[in-house]
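S.K.: Using the UniProt record's numbering, you'd call the opening residue of the sequence shown number 1 and step up by one each time.
Idealized CB from N, CA, C, for every residue including glycine.
What follows is a single structure, and I will ask about it in a moment.
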Amino acid sequence: MPTQFAVQGMRLLEKDLVRTRDTNISVDIPHPVVATKCMPPKFLITSETDVSYIQDDGRSQATLSKAGELLNRLLRQNATGLMSDSLPPIWSQSPEPNSSALIGSFIIPWIYNNDRCRYLEHRSYPAAQMFSDEHRRATEQCFQLITCNVQAFWKTSLNIITYTDETPVAQTSLILDAGFDRVHRENPITLDLSDMASFNNESFINILPFGTDGPVEDTLSAVFVNALANAPDIQLVSGIFENGNHPTFDFKATQYGYGYDGSPISVRLSMAVISIYFLVTVTYLLYILTVGYTSTSWSTAIELILLALQSKRPEGLKNVSAGADSMLTYQKAVGVRVNEKHELALVFPNEPDTKLGRMRKVVPNRFY
């Protein structure tokens, strides 16, 4: 997910933009990626139970320590008394050579779908006595052990801010090689949680969906990636690296849409072209309305309309005034002929006017 540094840097560009729904602000910048792989829960826990974990290849398994040793280490780290039903996570660095992985071990009560252990919700006992003779059987039957391999690294990709209903949404590009054993760990991040109180508190277990068939790995990854993305404020670190060779990042704002050059010259040229076209069109219409013809040949609808306007009303069409008020009019055939005055006229079959003079056929491309 994007860091606070990247998000604040992109938000700084907003003051120079006229924001629209098609505005995108982007930058190629590193962002944290966290991959987590957990072992299946281990039941029947004793002090000699091996604490196994998934290695960095995502397939192999190795032993971290014994369950008793792991619990003793937790007791040494916590000065106050711990109760068995609320143990904080136990974080360890991976023993693999050149590994930056963090191994999280979780000892949690197994009370889901386990009626015989529900009494632990109301009657817990000190964690120091979990493997004692008094509580050894309860620990073996009512607790489970889960270990998770957590790896974090920096990945450089395109970070984008888009706007949905005027709300900015920051996101990174999709990681196509997702998966614990498929991701390319470019720049590993070493996780040291020794001074992180929130990660070493017993309430940390409550945010993980243990026992509910939930996505433990996804939740754990989301917790770590949120913590890593909460980088210092951009204004707090802007003055630290004033000198020296340090990486720089170019933020880019892109607005998609249609527009035109708002310079006075382009606007005046556009108005001049439109005005000239308007004058030419009006002049042409006035000319053809006055003269009655438009070209040397009749071939367009406007020419036929003008021809009809210039023609006199025939006596044979008694049902015509401003329009046709009878379907009989539409059933009559119509033709265009040339009279003795070398003029075009619309004629109908059996029209009385056709007997007054001889009508000739129209010759294409001849002036009438």
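Less than 7 Å between the C-beta atoms of residue 194 and residue 172, yes or no?
M.R.: In this structure, residue 172 does not lie closer than 7 Å to residue 194 by Cβ.
S.K.: Which residue wins for smallest C-alpha separation from residue 368, given the options 31, 343 and 349?
M.R.: Out of 31, 343 and 349, 343 has the C-alpha closest to the C-alpha of residue 368.
S.K.: Based on Cα-Cα distance, which residue from 197, 117 and 12 lies nearest to residue 25?
M.R.: Nearest of 197, 117 and 12 to residue 25, Cα basis: 12.
S.K.: Is it buried or exposed, residue 27, if we count other Cβ atoms within 10 angstroms and call 16 or more buried?
M.R.: Buried, since its Cβ has 16 or more Cβ neighbours within 10 Å.
S.K.: Taking the alpha carbon of residue 215 as the reference point, which residue from 23, 10, 37 and 4 has its own alpha carbon closest?
M.R.: Here the closest residue by C-alpha is 37.
S.K.: Among all the DSSP beta bridges, which residues are the ones paired with residue 172?
M.R.: Note: residue 172 sits in a beta bridge opposite 159.
S.K.: Do you know how far the Cα of residue 265 is from the Cα of residue 271?
M.R.: Those two C-alpha atoms are separated by around 10 Å.
S.K.: Tell me whether the beta-carbon of residue 49 lies closer than 7 Å to the beta-carbon of residue 62.
M.R.: No; because the gap between Cβ atoms is not below 7 Å, this pair is not in contact.
S.K.: Judging by CA-CA distance, which residue of 334, 163 and 1 is the nearest neighbour of residue 31?
M.R.: Nearest of 334, 163 and 1 to residue 31, Cα basis: 1.
S.K.: Out of 70, 166 and 104, which one is the CA nearest neighbour of residue 131?
M.R.: Of 70, 166 and 104, the residue nearest in Cα terms is 70.
S.K.: What whole-angstrom Cβ distance do residue 51 and residue 65 have, given they're in contact under 8 Å?
M.R.: The Cβ separation is near 5 Å, so the contact holds.
S.K.: Beta-carbon separation of residue 89 and residue 104 under 7 Å?
M.R.: Contact: yes.
S.K.: Which of the three DSSP states, helix, strand or coil, is assigned to residue 363?
M.R.: Residue 363 falls in the coil class under three-state DSSP.
S.K.: The beta strand (DSSP E) that contains residue 103, what's its start and end?
M.R.: Taken as a continuous stretch (DSSP letters only), the beta strand (DSSP E) holding residue 103 covers 102-109.
S.K.: Here's the rule I'm using: 16 or more other beta-carbon atoms within 10 Å means buried, otherwise exposed. How should residue 170 be labelled?
M.R.: Residue 170 is buried by the Cβ-count criterion.
S.K.: Between the C-alpha atoms of residue 201 and residue 227, what's the straight-line distance to the nearest angstrom?
M.R.: Between residue 201 and residue 227, the C-alpha separation is close to 15 Å.
S.K.: State yes or no: is the C-beta of residue 204 within less than 7 Å of the C-beta of residue 34?
M.R.: Cβ atoms of residue 204 and residue 34: not closer than 7 Å.
S.K.: Could you give the distance in angstroms between the alpha-carbon of residue 4 and the alpha-carbon of residue 93?
M.R.: Computed Cα separation, rounded: 27 Å.
S.K.: Does the distance from the CB of residue 148 to the CB of residue 110 come in under 7 Å?
M.R.: In this structure, residue 110 does not lie closer than 7 Å to residue 148 by Cβ.
S.K.: When DSSP labels each residue in this structure, what does residue 64 get in the three-state scheme?
M.R.: Residue 64 falls in the strand class under three-state DSSP.
S.K.: Taking the alpha-carbon positions, what's the residue 198 to residue 175 distance?
M.R.: Residue 198 and residue 175: Cα-Cα distance of roughly 29 Å.
S.K.: Please state the DSSP three-state secondary structure of residue 193.
M.R.: Note: residue 193 maps to coil in three-state DSSP.
S.K.: Which first and last residues belong to the alpha helix (DSSP H) in which residue 275 is found?
M.R.: Here the alpha helix (DSSP H) through residue 275 covers 264-291.
S.K.: Could you check the C-alpha separation between residue 102 and residue 150 for me, to the nearest Å?
M.R.: Straight-line Cα distance between these residues: approximately 5 Å.
S.K.: I'd like the span of the beta strand (DSSP E) that includes residue 93, first residue to last.
M.R.: Looking at the DSSP string, the run of the beta strand (DSSP E) that includes residue 93 is 90-93.
S.K.: Quick check on DSSP: helix, strand or coil for residue 52?
M.R.: Three-state DSSP puts residue 52 in a strand.
S.K.: Can you tell me whether DSSP reads residue 323 as helix, strand or coil?
M.R.: With a pLDDT of 48 at residue 323, under the threshold of 50, the modelled position of that residue is not reliable, and the figure given next carries that caveat. Coil, per DSSP.
S.K.: The alpha helix (DSSP H) spanning residue 226 covers which residue range?
M.R.: Segment 216-229, the alpha helix (DSSP H) holding residue 226.
S.K.: Suppose you measure from the CA of residue 187 to the CA of residue 56; what does that come to, to the nearest Å?
M.R.: When rounded, the distance between both Cα atoms is 15 Å.
S.K.: How long is the line joining the alpha carbons of residue 159 and residue 251, rounded to whole angstroms?
M.R.: Approximately 10 Å between the Cα atoms of the pair.
S.K.: Using three-state DSSP, classify residue 346 as helix, strand or coil.
M.R.: Residue 346: strand per DSSP, three-state reduction.
S.K.: To the nearest whole angstrom, what separates the beta carbons of residue 126 and residue 81, a pair I think is in contact under 8 Å?
M.R.: That belief holds up - the Cβ atoms of residue 126 and residue 81 are roughly 6 Å apart, short of 8 Å.
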